[in-house]
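Read in the UniProt record's numbering, the sequence shown has 227 at position 227, and its numbers run on one by one without any break. Let me begin by presenting the structure, written as structure tokens, before commenting on it.
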Amino acid sequence: KDSLSHFDVNLFYNILEEWESCQNLHSCLSLWQEFSSTSDELPSMSSTSLHVLLFNVRGLDLRWQEVLLLISAFKFDALILVETGEFDISFHQKIFKDYRLLYQKGENRNGGVLILIKESFSISRVSCSIPNICVVDIKGEDNLRIIGVYAPDSKSWSWDDLSAFVSSKCVIYGDFNVDIMDDGKKADTLLHWADDQSLAHVVPNSHTSLRSNRVIDYAFIKGLNLDIQVYNGNTTSDHLPILSVISLNSSQYKLGKNIHWKVFSLFSEY
């Protein structure tokens, strides 16, 4: 139980209650069948992957050289830079000349989200008026939606405001300012919203903040697979860069709803 989030603890207790209250195994499985998806709901996959950087730069004008070094080392297909602050976009278009830049301003001079996508991809920006939220579709056999999020505690919007932008195949990257394991009610609110949207959280296995042991930079996914890890090289930001690979060919995600593996494992031992 100690290793479960508050959301997963409640989910585990709900499953136990359903198990104990059903008259027999058949009735229990029939109940749970309602939470499975049909084959018609499955997204088609293509055989490729995308290398993506998530980085809270705490001011792009201060750290664009760090970003260039990371691009040189990892050859990213896309970058999500958050808390960019105000900057001269024409200057950065010249610096990041191999990428298309999509910027969404923040609620103050320190906020802002910038998504960079390689020029070789066909993309379409999705109109979004929410500050610190940037949405883009990468076109292909199935469109892949990438959503960049910077969510300070002072944000004027709620998680529900993002629901309209969740697609059948998407990744939401961001600095959520919520540690899923340690932030109690704040974490429960975020996880309840994510579960309602059939989003699974993908979290690095070590802290992402350099000011604490908190894990607040991560992603939510739907309809695909994602590997994610912290970059432990030097940075002058107070957040560590996050490296990720989006796999667009994954048979293990044939269940439309996300699987809470810790809950699954614990219930299997019951």
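Don't be surprised by glycine CBs; every beta carbon is placed ideally from N, CA and C.
Checking the DSSP bridge columns, you'll see C22 has no partner listed. The DSSP-derived three-state label of R63 is helix. Listed in chain order, the beta strand (DSSP E) elements of length 3 or more contained wholly in the region 86-144 are 99-104, 113-118, 123-125 and 133-138.
The C-alpha of H239 lies about 19 Å from the C-alpha of H51. Linking S156 to S27 through their CA atoms gives a straight-line distance of about 45 Å. Around K75, the same chain offers H51 as residues with beta carbons nearer than 7 Å, after the five sequence neighbours per side are excluded. A check of alpha carbon separations from G112 across Y103, S247 and V215 identifies Y103 as the nearest. Distances from the CA of V245 to each of Q197, A219, N108 and T236 were compared; the closest alpha carbon is that of A219.
Going by beta carbons, V203 and I180 fall inside the 8 Å limit. When Cβ pairs closer than 8 Å are counted between the two stretches, the region 161-175 is seen to touch the region 188-207, the count reaching three or more. Listed in chain order, the beta strand (DSSP E) elements of length 3 or more contained wholly in the region 204-236 are 217-222 and 225-230. Checking the DSSP bridge columns, you'll see N56 partnered with V82. Residue pairing for S49: DSSP places it in a beta bridge opposite S247. Between the region 78-86 and the region 50-64 there are three or more C-beta pairs closer than 8 Å, enough to call the two in contact. In this structure, DSSP gives I15 a helical state, which the three-state scheme calls helix.
Its Cα nearest to that of N108, the residue Y150 stands out among Y150, K222 and L81. With respect to the C-alpha of P131, the residue from Q93, N110 and R214 having the closest C-alpha is N110.
Looking from the CA of R211, the closest CA among F91, T236 and K94 belongs to T236. Taking a contact as a CB-CB distance under 8 Å, the pair L53 and L70 counts as one, their CB atoms being some 6 Å apart.
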